[in-house]
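Position one of the sequence shown corresponds to residue 1 (UniProt numbering), numbered consecutively onward.
The next block holds one structure in the form of structure tokens; read it before the comments.
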Amino acid sequence: MYAQMVKTASNRVKTREEMSPEEQHFQDKIDNDVKIEPKDWMPEDYRRTLIRQIGQHAHSEVVGQLPEGNWITRAPTLERKAILLAKVQDEAGHGLYLYSAAETLGVSRDELIELLHEGKMKYSSIFNYPTLNWADIGAVGWLVDGAAIINQVALQRTSYGPYSRAMIRICKEESFHARQGYSAIMKMAFGTPEQKKMAQDAVNRLWFPALMMFGPSDKDSVHSEQSMAWKIKVKTNDELRQQFVDQTVPQIDYLGLERPDPTIKWNEERGHYDFAMPDWDEFFNVIKGNGPCNADRMENRRKAWEDGAWVREGLLEHARKKAARKVAAE
């Protein structure tokens, strides 16, 4: 999940008797699957939770360009280079869609980016791991974007209209990202012994970080309970993670690669694969800023923001002059 560990301001979910008339009407709309729009009344906690989730999601799309952008000039063929360039451009666009969705809640993208740079807002833990070779790029497209699609398809049904609609467009583009990743890793898995070894190594290293994308189990989390009641989330972290494993293990088998987790086994009774959970101590350590690439990622984002200041200032000045001319003409 591109938004992990999103906290609500609530200690528990209110009963209907504890809700104000406005809250009851709001919850009735949620329960009847009526989308909440920017001008609708909403609880302040709902608004703040959405800002945190959409902001973190947007940051993840933007920071997510860095592990792959590093390989654009080193892609093995011109075709792969063009595909990767298109993918990275898509990720930038996804970030813009999501910042725009967040702005409908009364926060500016400048504020969100400032929170990111100050370490007060996070991005997905997966992007704090390095991409060491071309096989990693295939694995990122296949595993990371595959995990993202599972989460984002569910978010098409989220209760906030602008977020839901952004997900519909994003999911169409993410499906291309996952297909190109699987195509790249397939080429290596069916290639020379050295290429297959690289593919296996990439899958082994990125499997558990991909599982971490969905976040820890939320079965005992009051924050997830409230997000589910508001239908900001429509599936639990564990449900999404299980769906990812069930979808991906047959693909690993088809490639002729070894399963990266030796405990993976089909459970006939459950109708799902059993698997080991990732190391959550590692996850929390990465979230705190101690991952392999945290410092580099933030340094690159701050530098890009500073280097682009003149462009933003020029656009603002142009907008001011355009507005002044319009007023003068009236």
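Glycine included, every Cβ here is placed at the ideal spot set by N, Cα and C.
Computed from a predicted structure; not experimentally measured.
For the alpha helix (DSSP H) that Trp310 lies in, which residues bound it at each end?
-> From DSSP, the alpha helix (DSSP H) with Trp310 extends over Ala309 to Ala329.
Checklist entry - Hey, how far is the Cα of Pro216 from the Cα of Lys122? => result Answer to the nearest angstrom: the Cα atoms are 16 Å apart.
* Helix, strand or coil: which one does DSSP assign to Trp266? -> The answer is strand: DSSP assigns Trp266 an E or B state.
With respect to the beta strand (DSSP E) encompassing Tyr99, which residues constitute its N-terminal and C-terminal limits? For Tyr99, there is no enclosing beta strand (DSSP E); the residue is part of the alpha helix (DSSP H) that begins and ends at Leu78 to Glu103.
query: Just to confirm, are Phe244 and Gly146 a CB contact at a threshold of 8 Å?
result: In this structure, Gly146 lies closer than 8 Å to Phe244 by Cβ.
### Query
At what residues does the alpha helix (DSSP H) containing Asp145 begin and finish?
Taken as a continuous stretch (DSSP letters only), the alpha helix (DSSP H) holding Asp145 covers Asp145 to Leu155.
Grab the span of the beta strand (DSSP E) containing Asp33 for me, first residue to last.
-> Looking at the DSSP string, Asp33 is not in any beta strand (DSSP E), and its letter there is neither H nor E.
>> Please classify Tyr163 as buried or exposed, where buried requires at least 16 neighbouring CB atoms within 10 angstroms.
In response: It is buried - the Cβ of Tyr163 has at least 16 other Cβ atoms within 10 Å.
For Phe275, which of Leu85, Arg259, His223 and Asn290 has the nearest alpha-carbon? Of all alpha-carbon atoms in Leu85, Arg259, His223 and Asn290, the one lying nearest the alpha-carbon of Phe275 is that of Arg259.
**Message:** Am I right that Phe214 and Asn151 are in contact with their C-beta atoms under 8 Å? What's the rounded C-beta distance?
**Reply:** About 7 Å separates the CB atoms of Phe214 and Asn151; that is less than 8 Å, so the two are in contact.
>> Does Lys235 pass the burial test, meaning 16 or more other C-beta atoms within 10 Å, or should it be called exposed?
In response: When all chains shown are included, Lys235 counts as buried.
* **N-terminal and C-terminal residue of the beta strand (DSSP E) that Tyr273 is part of** => Residues His272 to Asp274.
**With 16 other Cβ atoms within 10 Å as the buried cut-off, status of Tyr254** = So Tyr254 ends up on the exposed side.
Ignore the nearest five residues each way along the sequence and tell me which others in Asn70's own chain have a CB closer than 8 Å to its CB.
Same-chain partners within the cutoff: Thr131.
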